[in-house]
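**Q** Got a structure here, written out as structure tokens. Questions coming.
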Amino acid sequence: MSLILFFIFAILQSSLSVDPSNFKTCEQSSFCKRCRSVKPGQSHYAIIPGSLNSYSDSVTLELVNKENQHKFDLKLTGLVKGNNFRLEIDEKQPLSPRYRVTDSLKETPTAGQIKVIDTNEQLTVSIGPNKAVFHSEPFRIDFYHNEILTTSVNSKGLMKFEELRSKPKPVESSENQEEQQPSVEDEPGTWEENFKSHHDSKPKGPEAVALDFSFPEADILFGIPEHADSFALRTTHGKGDPYRLYNLDVFEYELNSRMALYGSVPVLYGHGQRASAGVFWNNAAETWVDIHGPESNVVSSIVKFVSGSVKSDPYAAHFISESGVIDVFILMGPTPLDTFKQYTDITGTVPLPQQFALAYHQCRWNYNDQKDVITVSEKFDEYDIPMDTMWLDIEYTDNKKYFTWDKQKFGDSIEMIKNLTDLGRHLTIIIDPHIKREGGYFFHDDCTNKGYYTKNKDNNDYEGWCWPGSASYPDLFNPEVRKYFADQYLVENFKTYTKDVMIWNDMNEPSVFNGPEVTMLKDNLHFGGWEHRDVHNLYGHMQLVSTFDGLSRRDPNQRPFILSRAHFSGSQRYAAIWTGDNKADWEHLEHSIKMCLSESVAGFSFCGSDVGGFFGNVEAELFRRWYQAAAFQPFFRSHAHIDTKRREPWLFPEETRLIIRDALRKRYSYLPLWYTMFYEHETVGLPVMRPMLAQYPHDKDAFAIDSQYLLQDKLLVRPVMQQGVNKVDVYFPVKDDKTGDLWYDIDNYQKYENTGYISVPVDENKIPIYQRGGTIVPKKERIRRSSPLMIHDPYTLIVALDKNHQAKGTLFIDDEKSYEYRSGKFIYTEFTFDKDTLRSKFIGTPKYSTNSWLERVVIAGLNRQPKQAKITYEGKTEELDILENAHGAITVRKPGSNMAKEFTIQLIY
Amino acid sequence: MFFFAFISLVFSFTNFSKCDIPRIRGVSIAKTSLYPPGEHFTCLDGSRTIKFSQLNDDFCDCPDNSDEPGTSACPGGSFHCANLYHRPKTIGSSRVNDGICDCCDGSDEYIQNLGAKCENTCLEKGREEREKTKARQELLKKGGLIKNEMIMRGKALKVERASKLLELEKRKSEADGIKVEKEKIKHEVESLENEALSVYREMEERDKAKQEEINIQEAENTFISYDTNGDGVVDVQEIQSNLALDKDRDGVVTEDEALYFLDDKETIDLEYFKSNAWSRIKSQLMIKDGSFPPPEEDGKETAELENTRDEEEGEQEEEEEETGEGEVEEQQTTRQEEIQYDPQTQQLIDQANQARNELSEAERVIREIENEIKDLSDLESREYGASEEFASLSGECFDYEDREYIYKLCPFERASQQPKNGGSETRLGAWDKWIGSDDNKYSRMMYNGGATCWNGPQRSADVHVECGLENKLTAVSEPNRCEYSFTFQTPAACEHHSEHHSENHDEL
């Protein structure tokens, strides 16, 4: 009986989640297996004495692999921004050029002045407070910030750089045998590899690169998204597979897994109480990252302990890539925020989205026809629930041919779009990179005739299987193909849509249903003769480059909005991302935060998850809690699989509908904060959604927390993510001086002064969120049908005082749509509260005018109640009423001043 | 610009007002008295008193939202637009000054510099709506006439059903009467039959006992004749010496053959011989002297018999109720047929058989009538609308074709779907019930329990019934996977009375 149950369970399990055997393990991937088997402490690489060349911004050296005398060029460059280093290693004379990734970079990083000290003992290269100390044999570089060793390269000696070589010819006669160099026997899989029914011809043979990075100061490693796992990286060395970075379309992915997912962002951080550092491994080939934990080598730590060394083996990350070169940026910190900024300095930030993109998105696979779209939009109004964007998944097309409509169901697409835009709403439609192979379909004909498709190893158009059936994949590495694809977005080409329609690029890993691991063959060929192997993780990125170009040219006055599933370092410059095809269960809700936190520190501040879970029917309680959680995550979209029951909010019981409505309204009321945070993200480069350690780098207990997070340094968000609970534990962090901040419940201004875990009661309406004392948050409390309709609405400021009765905050205002802000047409205001006075002061000169005015100021944390207030602006003074608010907070009634004017509000006792 | 356009915020002057009292913006005439001019205003829920100047000053002071009827300041408030020449309308405060013209008189967008320029379209809208209403009224009127016919037909059908039911019930009570009568006759005749047959039964039993006695005697005699050495047991050799026991007729009684007759024993005594060996030996002896058919054939016959039995049983299962005790007894009679009865007894048996047959015939007639009554009450139990207006649709079917499928709706029976490119029909559901809202029950039908979807629920169809001049399926969609939505037009849904008091203008 129990055995039968077990089998039934097993069958259910297998039908509900991914089959891991469809994806490679490190052991099944020959380069990973080879590199991972390198023994630590026996590095064969050494600096060739006398090979140093010093330049004003860099040094070059030669390395040699002492096993076979193969030589390599090494270059270490000092970078202007952040005083970081870039380390590049390539073969001195490769048989053929090796791929170097450039598309991830925002621009060519500017090199800065370095100082070189070359004594007989060691070579030191320094820039600002940072220095790199070279060790010749075995090769190693130690990176110091202010004399603290934070990162060490090849200190474990796991470096491996497989030089390109000709395939050994099969032995023919005994005469030849004598002439042949005695060489190590190549393992099977080195010169060709099979997985399942797929064959990889590996024309260049073994060409992997691998290097280890130790972080002596780190108590936690994090980064390298995208994985459905905890924020803190787990030790993988000796404990199963490494983290894998290889963009894949994984059907019903597993949680708590190191398996590859849709995106690959090879940036990793090591953080400890004394210092933070990071490495950005700029390589787009399949990559594995093996994490060595301090506990992984018990023997050596005991030895070190006995010998008097206090620190055990430090955390280390062993990066292993299948091809390309070693191109690493060492992010020198010393704080977590510094490292995040150093990373976005190199790869770029998320450009300020249009306001609507930060509002709520309503999606489903699929809204059936234009009437369905309009009806859903109308229903949101009927139930007075704000909504900004309707989405169309693949079924809107004529048989999955992108840039066409199903004429039966969407015969009047322009009218449907107008119906939405008349209410300030938008439409987003899906455009995938697979192209249906159907004669007469213009896109296919053009690609075929012009040779735009990715080629297979025999240089014929590669054919795979995807939504349309037989499909081919434009070679987006070819600039001409990118331009062609981009041109299709122009309204003169796609006549049945408008420039208000935004774009969703999905399946761009690329997903190939019948390919190895559901993607393209590695020996396929791209522009410039590069193998797909070299560029795989960039394929989706190149589609985004093309889409962004198309939308920018379509309407230069409108900031494009693009959502992508695949992503690589730098993709944040073009698109928002989401965590792909998740599932309607509580654990997936929890992972929405873990995953977006990892993405956030890796440049992807515009991150979200499908609200409700993509697969499966969602029950009311989970659905409510998911809306509440997502209302405080950057990208906020409900989405569902075609086989699920419809789940628009009004299809649930009234109680649930109202809770969802409240969550949505709360999101809309905070849109001015979101907008300001994204402006500051673009200009400053810090993540919007932050792990606790970003703001509290000395609070060791907070390092690994991934059930709560901060929005900038202002709000602490700890959504309810468990079923049937009536309380949650909120962690209030400890500052450097061992004290805590003051935190105010945003619903009722109740003050929390203690640190550590505090259990707070929650009812079904509650989203536990706290505003930090010392901050001022802008809001708009009038709820409209869609966010563009809020543009003229007045502002509310929430002033949360710290222990010194001070606070400050900012507000960014512009047209919420165009690029005019880049030529200064904005109002950027800093608010400060000190000595019972709230002051606004412009940062820069405002060149934008607005109808918006200041509706109210709420002040929490005063220790006595003022009688009234006085506002002064433009030389006039008005008296203002004070209204009582909850928990001792007060409301200054209707200051009324236009937001384009500086003002002072003084409390009078 | 501080308190910009204060007057224009609080008050609105309509050129068409009959009197010159300024009206509070966003308040209907009916509610104007709740906002008496004065120094103060008390929130309508009585919770707070504020300065009159705080009325419509674009800041929400009253928890019940009553102080800002004309602005968007109170999130849950409402705004009244007069819409002269059209219908007045109450919209949510969130619609005020949001750049979208929600009132046809444009009164919701009164701050001109916010981008929305609202033309007054009430005259036009009013006309349009009146035309639409007129067209609608006409449709309802024409549809109503047809509906009346349908009601007549429906009622006639109801009467027809009622009279048919009455007739059936009459027939049933007649049949019940016949059944009682036949039961009585059967009872009488069978008791006579029983009495007559009891003589024969006793006789038969006596014969049987006698036969048994003879048989035992024969066994004992045979035992004695076989026990040639007289040791009181029969052994293999003694059997082997009897050529009559040569089973395979090869001229020898083998040891195996002997053991067969001795029931695999070396020796047996008289008692064992009688109880275990004699029946085999006797059969063999009878075969030998030709008084008994060989056992092989016997087996075949039994098999055939069993087959027939099986078939009969099959039939019995299908018509379970129809098989009475009569048949079982009939079989007994067949077996007794070998016995020759005296003419008087035979006559009684014949009479009893006839009485049994007549009773089962009477019962069959009753069952038939009962089935007819059940079918009829099934039809009767389906609601055909308030006045039987949908009744005449029962038994008809309507098609709708889209790109891929032909959908079929047979009201009160089923909904289905058939692919156009061939392939079999998929059942979307069987008639369940009316599921319209309480005030309009007959506006939606539910058909459920259809074919189960792969990886999904059972299919179902929700049929929205609308007024139209002919019976027609006008749309089919699948808003949820496997949950279909049909739109069906029929004059039966034309409600003439409920829709004509919409044209009042409370502003005039």
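Protein chains in written order, with the working numbering: chain A, 56 to 964; chain F, 125 to 632.
Think of the CB as a built atom: it goes at the ideal place given N, C-alpha and C, for glycine as much as any other residue.
Please read these numbers as outputs of a predicted model, since none were measured by experiment.
#1: Would you give the residue range spanned by the beta strand (DSSP E) that Cys-205 of chain F belongs to?
#2: Can you find a CB in chain F that lies within less than 7 Å of the CB of Lys-700 of chain A?
#3: Measuring only the C-alpha atoms, how far is Met-562 of chain A from Lys-793 of chain A?
#4: Does any residue of chain A bring its CB to less than 7 Å from the CB of Gln-613 of chain F?
#5: Output yes if chain A places a C-beta closer than 7 Å to the C-beta of Asp-222 of chain F; else output no.
#6: Answer with yes or no whether the minimum CB distance from Arg-220 of chain A to chain F is below 7 Å.
#7: Under a CB-based cut-off of 7 Å, is Leu-447 of chain A close to chain F?
#8: Output the distance between the C-alpha atoms of Lys-902 of chain A and Glu-885 of chain A, rounded to the nearest integer angstrom.
#9: What are the start and end residues of the alpha helix (DSSP H) that includes Phe-498 of chain A?
#10: Phe-385 of chain F bridges to which residues according to DSSP?
#11: Using C-beta distances below 6 Å, list every residue in its chain close to Gln-767 of chain A, excluding the 5 sequence neighbours before and after it, in chain order.
#12: For Pro-498 of chain A, count the other beta carbons within 10 Å of its own beta carbon; 16 or more makes it buried, fewer makes it exposed. Which is it?
#13: In chain B, which residues lie less than 9 Å from Arg-680 of chain A when you measure between Cβ atoms?
#14: Given 8 Å as the limit, is there contact between the segment 152-163 of chain F and the segment 948-958 of chain A, that is, 3 or more CB pairs closer than that?
#15: Give me the residue from A:Ile-169, A:Ile-196, A:Asp-400 with the minimum Cα distance to Gly-740 of chain A.
#16: Are there 16 or more other CB atoms within 10 angstroms of the CB of Met-445 of chain A, so buried, or fewer, so exposed?
#17: Are the CB atoms of Pro-280 of chain A and Glu-654 of chain A nearer to each other than 7 Å?
#18: Under the assumption that Val-666 of chain A contacts Tyr-682 of chain A (Cβ atoms under 8 Å), give the Cβ distance between them as a whole number of angstroms.
#19: Anything in the segment 438-472 of chain A with a Cβ closer than 8 Å to a Cβ of chain F? List those residues in chain order, please.
#20: Applying the 10 Å Cβ sphere with the 16-neighbour rule, what's the burial state of Lys-922 of chain A?
#21: Going by CA-CA distance only, name the one from A:Val-536, A:Pro-184, A:Phe-78 that's closest to Thr-503 of chain A.
#22: Can you tell me which of the three DSSP states Pro-708 of chain A falls into?
#23: Quick one: what does DSSP say Phe-411 of chain A is sitting in, helix, strand or coil?
#24: Three-state secondary structure (DSSP) at Leu-266 of chain A?
#25: On the DSSP letters alone, give me the boundaries of the alpha helix (DSSP H) that Val-428 of chain A sits inside.
#26: Shortest alpha-carbon distance to Arg-492 of chain A belongs to which of A:Gly-466, A:Phe-268, A:Leu-765, A:Lys-455?
#27: Measuring CB atoms only, is the segment 782-800 of chain A touching the segment 757-772 of chain A, in the sense that at least three cross pairs come out at less than 8 Å?
#28: If we count the other Cβ atoms within 10 Å of its Cβ and call it buried at 16 or more, is Pro-823 of chain A buried or exposed?
#29: Can you tell me whether Gln-683 of chain A is helix, strand or coil according to DSSP?
#30: Ends of the beta strand (DSSP E) at Trp-343 of chain A?
#31: Quick one: what does DSSP say Tyr-531 of chain F is sitting in, helix, strand or coil?
#32: Report, in whole angstroms, the separation of the C-beta atoms of Ser-231 of chain F and Ser-196 of chain F, which I expect to be a contact under 8 Å.
#33: Please report how far the alpha carbon of Lys-538 of chain A lies from the alpha carbon of Gly-605 of chain A, in whole angstroms.
#34: Check whether the segment 325-341 of chain F touches the segment 509-525 of chain F, counting contact only when three or more Cβ pairs, one atom from each stretch, lie closer than 8 Å.
#35: Let me make sure I understand the geometry here. Which of A:Lys-473, A:Leu-856, A:Ile-697 has the alpha-carbon closest to that of Thr-892 of chain A?
#36: In the DSSP assignment, what are the bridge partners of Phe-250 of chain A?
**A** Straight from the coordinates:
#1: Residue numbering aside, residue 205 of chain F sits at position 81 when the second sequence is read from its first letter. Segment 202-205, the beta strand (DSSP E) holding Cys-205 of chain F.
#2: Position 645 of the first sequence, counting from 1, holds the residue named residue 700 of chain A. Interface with chain F (7 Å Cβ-Cβ cutoff): Lys-700 of chain A is included.
#3: Residue mapping note: residue 562 of chain A aligns to position 507 of the first sequence, counting from 1. Residue mapping note: residue 793 of chain A aligns to position 738 of the first sequence, counting from 1. C-alpha separation (whole angstroms): 48 Å.
#4: For this step, residue 613 of chain F is matched to residue 489 along the second sequence. By this cut-off, Gln-613 of chain F is not an interface position.
#5: For the purposes of this step, residue 222 of chain F is identified with residue 98 of the second sequence, where counting begins at 1. Yes, its Cβ sits closer than 7 Å to a Cβ of chain A.
#6: Residue mapping note: residue 220 of chain A aligns to position 165 of the first sequence, counting from 1. No, its Cβ sits nowhere closer than 7 Å to a Cβ of chain F.
#7: Residue 447 of chain A sits at position 392 when you count from the first residue of the first sequence. Answer no: the Cβ-Cβ gap between Leu-447 of chain A and chain F never drops below 7 Å.
#8: Reading the first sequence from its first residue, position 847 is the one you call residue 902 of chain A. Reading the first sequence from its first residue, position 830 is the one you call residue 885 of chain A. Rounded to the nearest whole angstrom, the CA to CA distance from Lys-902 of chain A to Glu-885 of chain A is 16 Å.
#9: To locate residue 498 of chain A, count along the first sequence from 1; it is residue 443. Following the DSSP letters along the chain, one finds Phe-498 of chain A inside the alpha helix (DSSP H) bounded by residues 497-505.
#10: Walking along the second sequence from the start, residue 385 of chain F turns up at place 261. Paired residue(s): none; Phe-385 of chain F is not in a bridge.
#11: In the first sequence, the residue the question calls residue 767 of chain A occupies position 712. Taken in chain order, the residues that qualify are Met-732.
#12: The sequence position of residue 498 of chain A within the first sequence is 443, counting from 1. First, the amino acid is wrong: residue 498 of chain A is Phe here, not Pro. By the neighbour-count criterion, in which a residue is buried when 16 or more other Cβ atoms sit within 10 angstroms of its Cβ, Phe-498 of chain A is buried.
#13: Of the protein chains in the structure, A and F, none is chain B.
#14: The segment 152-163 of chain F vs the segment 948-958 of chain A: no contact.
#15: Residue 740 of chain A sits at position 685 when you count from the first residue of the first sequence. Answer by Cα proximity: A:Asp-400.
#16: The residue labelled residue 445 of chain A in the question sits at position 390 within the first sequence. Met-445 of chain A is classed as buried because its beta carbon has at least 16 other beta carbons within 10 Å across all chains shown.
#17: The residue given as residue 280 of chain A occupies position 225 in the first sequence. The residue given as residue 654 of chain A occupies position 599 in the first sequence. Yes, they are a contact pair.
#18: The sequence position of residue 666 of chain A within the first sequence is 611, counting from 1. The sequence position of residue 682 of chain A within the first sequence is 627, counting from 1. With a Cβ gap of about 6 Å, Val-666 of chain A and Tyr-682 of chain A count as contacting.
#19: The segment 438-472 of chain A vs chain F, Cβ under 8 Å: Asp-439, Gln-463.
#20: On the first sequence, residue 922 of chain A is found 867 positions in, with the first residue counted as 1. When all chains shown are included, Lys-922 of chain A counts as exposed.
#21: Translated into positions along the first sequence, residue 503 of chain A becomes position 448. In terms of Cα proximity to Thr-503 of chain A, the closest of A:Val-536, A:Pro-184, A:Phe-78 is A:Val-536.
#22: Sequence index remark: in the first sequence, residue 708 of chain A carries index 653 (1-based). Coil.
#23: On the first sequence, residue 411 of chain A is found 356 positions in, with the first residue counted as 1. Phe-411 of chain A falls in the helix class under three-state DSSP.
#24: On the first sequence, position 211 is the one that residue 266 of chain A refers to. Three-state DSSP puts Leu-266 of chain A in a strand.
#25: The residue you call residue 428 of chain A lines up with position 373 of the first sequence. For Val-428 of chain A, the enclosing alpha helix (DSSP H) starts and ends at 425-437.
#26: In the first sequence, counting from the first residue as 1, residue 492 of chain A sits at position 437. Shortest Cα-Cα distance from Arg-492 of chain A to any of A:Gly-466, A:Phe-268, A:Leu-765, A:Lys-455 involves A:Lys-455.
#27: Contact holds: three or more Cβ-Cβ distances are below 8 Å.
#28: Looking up residue 823 of chain A in the first sequence gives position 768. The residue in question, Pro-823 of chain A, is buried, as its Cβ has 16 or more Cβ neighbours within 10 Å.
#29: For the purposes of this step, residue 683 of chain A is identified with residue 628 of the first sequence, where counting begins at 1. Per DSSP, reduced to three states, the secondary structure at Gln-683 of chain A is helical.
#30: Taking the first sequence and counting its residues from 1, the one referred to as residue 343 of chain A is at position 288. Trp-343 of chain A -> beta strand (DSSP E) spans 342-347.
#31: Indexing the second sequence from 1 puts residue 531 of chain F at position 407. Three-state DSSP puts Tyr-531 of chain F in a strand.
#32: The count along the second sequence starts at 1 and reaches residue 231 of chain F at position 107. The count along the second sequence starts at 1 and reaches residue 196 of chain F at position 72. The beta-carbon separation of Ser-231 of chain F and Ser-196 of chain F, rounded to 13 Å, does not stay under the 8 Å limit for a contact.
#33: As a first step, residue 538 of chain A must be located in the first sequence, where it is residue number 483. As a first step, residue 605 of chain A must be located in the first sequence, where it is residue number 550. Taking the CA atoms as reference points, Lys-538 of chain A sits about 8 Å from Gly-605 of chain A.
#34: Result no; under three Cβ-Cβ pairs closer than 8 Å.
#35: As a working mapping, residue 892 of chain A is identified with position 837 in the first sequence. Looking at the Cα atoms, A:Leu-856 is the closest of the given residues.
#36: For the purposes of this step, residue 250 of chain A is identified with residue 195 of the first sequence, where counting begins at 1. Assignment of beta-bridge partners to Phe-250 of chain A by DSSP yields A:His-253.
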